[in-house]
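Engineer: Take this structure first; my questions come after.
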Amino acid sequence: MRFHYQSHYHQPLKGEAIAGLFLLLFPVLLPCLFTPFTYASPSTFSEWNVIKPRHLSLLRSALEGKSSNGEQSDLWTPLADQGWRPCLESVNTPSLPQNSEGYLQVFLDGGLNQQRMGICDAVAVAKILNATLVIPYLEVNPVWQDSSSFMDIYDVDRLINVLKDDVSIVKELPDEFSWSTREYYATAIRATRIKRAPVHASANWYLENVLPVLQSYGIAAISPFSHRLSFDNLPSEIQQLRCKVNFKALVFVPHIRALGDAIVHRLRYPPGETEALSSDYLRVTTDQNDKQRPQKFVVLHLRFDKDMAAHSACDFGGGKAEKLALAKYRQTIWGGRVLNSQFTDEELRSQGRCPLTPEEIGLLLAALGFDNSTRLYLASHKVYGGEARISTLRELFPLMENKKSLASSEERARIKGKASLLAAVDYYVGMHSDIFVSASPGNMHNALVGHRTFENMKTIRPNMALLGQLFLNKNITWLEFRQAVAEGHQNRQGQLKLRKPKQSIYTYPAPDCMCRA
């Protein structure tokens, strides 16, 4: 009887123990079931952990503070006329020769904006060589894994038409050169491929090394091509042609522009409370909002993906698990060879070499005077650490939106899972915002800074070195932080800066592509 009692008593305990163990292991075995339902998807279980604010004292003060109407009005004031105008048509460029030297192919790697700069350079090189440019081939980026072609992203017919008097451009090679493909060049050394073009090569280099290939074979293929044309010592008509491509000829395909316009409209004319409860509010037509006063909004490019975080070699407060995850990623992608790895986190931050976290960019915006009434559009692909990482930013700016919150799944169907198309929509919205700010330097930052400079639009460029030092000071008060931020960003809100030697013409279009009024 006693034995029977013990057996009867312990059996349920054993079952409960197994069940409990299963519940503990269930999230590890099937993490996808526990992923936060947001646009910001973490990559491993350890990265879901709630990340404590690193600047709690500043955060509390920011959440308690209120911006005055004076601050808000100053923030949203458009840039004054700075006395510069775009001048792309002022110089009489040489007429297009009747006979081309041959066909020029280029193969572009990188993301959307690196490829965009490569496209502009390709047109310029074609002009230098008097070659017929074949619409560039976009390589699949190993990080973003997007196979979108040039024609999936840009309006090819517009490009050809706008540049018809400058460069001959064709969509594809004629049949006699159909053998010249990426696969052809990947299998063996080919006489028509130029694969050793130096970074920032001069015009003379192309005339001496590529022109003879064109003249001998009727075709030349340059791969790799990114960053392969100098920014200095080029004729003014070549510099202006690069800007003409970037700022005038390159336009996204209609469906990207349409989605971008819809998102901008919904930011300008947000639905009322009753509309927001309806599943149909996303399809409200523009004429229904004509009587509303358009609202202003900020586009924040928050590049805080795993690639950026790992490459920076900085500590982002995620603990040992995060450090191990980033170290493993560095080893996988770059063999562990990252330049910043030789410095301490404090050294990197004091030099401004760490990307701002969502918490830190939120504190910067709050210190500048933006508050919880600010409409913020978050332009980003994936945020490393997921919703846990951006929760502080959302707390500071509850009116924060993104593509998913402003467009239905049906509207986003054609861009879903395509990093280049997603970035194109963000670029388009960024060019239609009242203010643009980027959390860290990079190709998107550089491209939009240049484009908005060309159009004289307000753009906030974070003072990374200053902010790094301020965030290292754990005893700084909110008042001191605000004063330092305000002083350090007085001349970083869109004021035109002239390009210096070796700087990109796409980031600093003056004076090459802009003239004094």
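With our numbering, the residue at position 173 of the sequence shown is 161, and numbering never jumps.
Beta carbons: idealized from backbone N, C-alpha and C, even for Gly.
Tell me the start and end of each unbroken alpha helix (DSSP H) in the region 94 to 128 that is at least 4 residues and wholly inside, in chain order.
Structural biologist: 100 to 117
Engineer: Shortest alpha-carbon distance to residue 500 belongs to which of 245, 341, 221, 97?
Structural biologist: Your numbering for residue 500 matches position 512 in the sequence shown. Cα-wise, what sits closest to residue 500 is 221.
Engineer: Please tell me whether residue 459 and residue 348 are closer than 9 Å, where the distance is taken between their beta carbons.
Structural biologist: The sequence position of residue 459 within the sequence shown is 471, counting from 1. The sequence position of residue 348 within the sequence shown is 360, counting from 1. Result yes, Cβ atoms of residue 459 and residue 348 sit closer than 9 Å.
Engineer: By the DSSP assignment, the alpha helix (DSSP H) with residue 439 in it spans what residues?
Structural biologist: Along the sequence shown, one-based indexing puts residue 439 at 451. Taken as a continuous stretch (DSSP letters only), the alpha helix (DSSP H) holding residue 439 covers 431 to 442.
Engineer: Determine the closest residue to residue 107 out of 121, 420, 290, with distance taken between C-alpha atoms.
Structural biologist: As a first step, residue 107 must be located in the sequence shown, where it is residue number 119. Taking only the C-alpha atoms, the option nearest residue 107 is 121.
Engineer: Are the beta-carbon atoms belonging to residue 415 and residue 105 less than 9 Å from one another?
Structural biologist: By one-based count along the sequence shown, residue 415 stands at place 427. By one-based count along the sequence shown, residue 105 stands at place 117. Not a contact, by the Cβ cut-off of 9 Å.
Engineer: Enumerated in chain order, which unbroken segments of the beta strand (DSSP E) with a length of 3 residues or greater are wholly contained in the region 197 to 260?
Structural biologist: 207 to 210
Engineer: Reducing DSSP to helix, strand and coil, say where residue 347 ends up.
Structural biologist: For this step, residue 347 is matched to residue 359 along the sequence shown. Here residue 347 sits in helix by DSSP.
Engineer: Taking C-alpha atoms, which residue in 486, 211, 226 lies nearest to residue 218?
Structural biologist: Here residue 218 refers to the residue found at position 230 when the sequence shown is read from its first residue. For residue 218, the closest C-alpha among the options 486, 211, 226 is that of 226.
Engineer: Are there three or more Cβ pairs, one per stretch, closer than 8 Å when the region 464 to 475 is compared with the region 89 to 102?
Structural biologist: no
Engineer: With DSSP run on the structure shown, which of helix, strand or coil describes residue 25?
Structural biologist: One-based indexing of the sequence shown puts residue 25 at position 37. Low confidence applies here, because residue 25 scores a pLDDT of 33, under 50, leaving its location unreliable and the question unanswered by this model.
Engineer: Kindly confirm or deny that the region 441 to 453 and the region 136 to 148 touch, where touching means at least three C-beta pairs closer than 8 Å.
Structural biologist: Note that the region 441 to 453 does not touch the region 136 to 148; fewer than 3 beta-carbon pairs, one per stretch, sit closer than 8 Å.
Engineer: Skipping 5 residues on each side, what residues in its chain have a beta carbon closer than 7 Å to that of residue 497?
Structural biologist: By one-based count along the sequence shown, residue 497 stands at place 509. Hits under 7 Å: 231, 438, 441, 442.
Engineer: Secondary structure at residue 392, three-state DSSP: helix, strand or coil?
Structural biologist: Here residue 392 is taken as the residue at index 404 of the sequence shown, counted from 1. DSSP places residue 392 in helix when its eight states are reduced to three.
Engineer: Quick one: Cα of residue 502 to Cα of residue 492, how far?
Structural biologist: Locating residue 502 in the sequence shown gives position 514, where the first residue counts as 1. Locating residue 492 in the sequence shown gives position 504, where the first residue counts as 1. Cα-Cα distance, rounded: 14 Å.
Engineer: Residue 109: buried (16+ other C-beta within 10 angstroms of its C-beta) or exposed?
Structural biologist: Here residue 109 refers to the residue found at position 121 when the sequence shown is read from its first residue. Residue 109 should be labelled buried.
Engineer: Quick one: is residue 505 buried, meaning 16 or more other Cβ sit within 10 Å of its Cβ, or exposed?
Structural biologist: Against the sequence shown, residue 505 aligns to sequence position 517. Around the beta carbon of residue 505, fewer than 16 other beta carbons lie within 10 angstroms, which makes this residue exposed.
Engineer: Are the Cβ atoms of residue 198 and residue 182 separated by less than 9 Å?
Structural biologist: In the sequence shown, the residue the question calls residue 198 occupies position 210. In the sequence shown, the residue the question calls residue 182 occupies position 194. Yes, these two residues count as a Cβ contact at 9 Å.
Engineer: Closer than 7 Å by C-beta to residue 112: which residues in its own chain qualify, once you throw out the five before and the five after it? Chain order, please.
Structural biologist: The residue labelled residue 112 in the question sits at position 124 within the sequence shown. So the qualifying residues of the chain are 217, 226, 229, 230.
Engineer: Please state whether DSSP places residue 497 in a helix, a strand or coil.
Structural biologist: As a working mapping, residue 497 is identified with position 509 in the sequence shown. Residue 497: coil per DSSP, three-state reduction.
Engineer: With burial defined as no fewer than 16 other Cβ atoms inside 10 Å of the residue's Cβ, what is the status of residue 207: buried or exposed?
Structural biologist: The residue given as residue 207 occupies position 219 in the sequence shown. Buried is the call here.
Engineer: Along the chain, which unbroken stretches of the beta strand (DSSP E) at least 3 residues long are found entirely within the region 349 to 431?
Structural biologist: Counting whole runs of 3 or more residues, the region 349 to 431 contains the beta strand (DSSP E) stretches 363 to 367, 423 to 426.
Engineer: If I measure Cβ to Cβ from residue 340 and keep anything under 6 Å in the same chain, skipping five residues before and after, which residues do I get?
Structural biologist: Indexing the sequence shown from 1 puts residue 340 at position 352. The beta carbon of residue 340 is closer than 6 Å to those of 452, 453, 456 in its chain, skipping five residues each way along the sequence.
Engineer: Do the region 281 to 291 and the region 365 to 385 meet, that is, are 3 or more Cβ pairs less than 8 Å apart?
Structural biologist: yes
Engineer: Assign residue 473 to one of two classes, buried (16 or more other C-beta atoms within 10 Å of its C-beta) or exposed (fewer than that).
Structural biologist: The sequence position of residue 473 within the sequence shown is 485, counting from 1. Residue 473 should be labelled buried.
Engineer: By DSSP's criteria, residue 186 is part of a beta bridge. Which residues make up the other side?
Structural biologist: The residue labelled residue 186 in the question sits at position 198 within the sequence shown. In the DSSP output, where bridge partners are listed per residue, residue 186 has none listed.
Engineer: Would you say residue 238 and residue 142 are within 9 Å of each other, going by their C-beta atoms?
Structural biologist: Counting from one through the sequence shown, the residue named residue 238 turns up at place 250. Counting from one through the sequence shown, the residue named residue 142 turns up at place 154. Yes.
Engineer: Three Cβ pairs or more, each shorter than 8 Å: is that satisfied between the region 426 to 433 and the region 308 to 317?
Structural biologist: no
Engineer: DSSP on residue 10, reduced to helix/strand/coil?
Structural biologist: For the purposes of this step, residue 10 is taken as residue 22 along the sequence shown, with counting starting at 1. For residue 10, the pLDDT reaches just 46, beneath the cut-off of 50, and the residue's location in the model is therefore unreliable, although a value from the coordinates is still provided. Three-state DSSP puts residue 10 in a helix.
Engineer: In the DSSP assignment, the beta strand (DSSP E) including residue 304 goes from what residue to what residue?
Structural biologist: In the sequence shown, residue 304 corresponds to position 316, counting from 1. In the DSSP assignment, residue 304 falls outside any beta strand (DSSP E) and carries neither an H nor an E.
Engineer: Tell whether a beta-carbon distance below 9 Å holds between residue 309 and residue 326.
Structural biologist: In the sequence shown, counting from the first residue as 1, residue 309 sits at position 321. In the sequence shown, counting from the first residue as 1, residue 326 sits at position 338. The answer is no: Cβ separation not under 9 Å.
Engineer: Is it the case that the Cβ atoms of residue 47 and residue 351 are separated by a distance below 9 Å?
Structural biologist: Sequence index remark: in the sequence shown, residue 47 carries index 59 (1-based). Sequence index remark: in the sequence shown, residue 351 carries index 363 (1-based). Yes, the pair counts as a contact, with Cβ atoms nearer than the cut-off.
Engineer: Pull the bridge partners of residue 503 from the DSSP assignment, please.
Structural biologist: Taking the first residue of the sequence shown as position 1, residue 503 is located at position 515. Residue 503 pairs with 73.
Engineer: Does the distance from the C-beta atom of residue 52 to that of residue 250 stay below 9 Å?
Structural biologist: Indexing the sequence shown from 1 puts residue 52 at position 64. Indexing the sequence shown from 1 puts residue 250 at position 262. No, these two residues do not count as a Cβ contact at 9 Å.
Engineer: From 205, 125, 477, 411, pick the residue whose C-alpha is nearest to that of residue 214; which is it?
Structural biologist: The sequence position of residue 214 within the sequence shown is 226, counting from 1. Among 205, 125, 477, 411, the Cα nearest to that of residue 214 belongs to 125.
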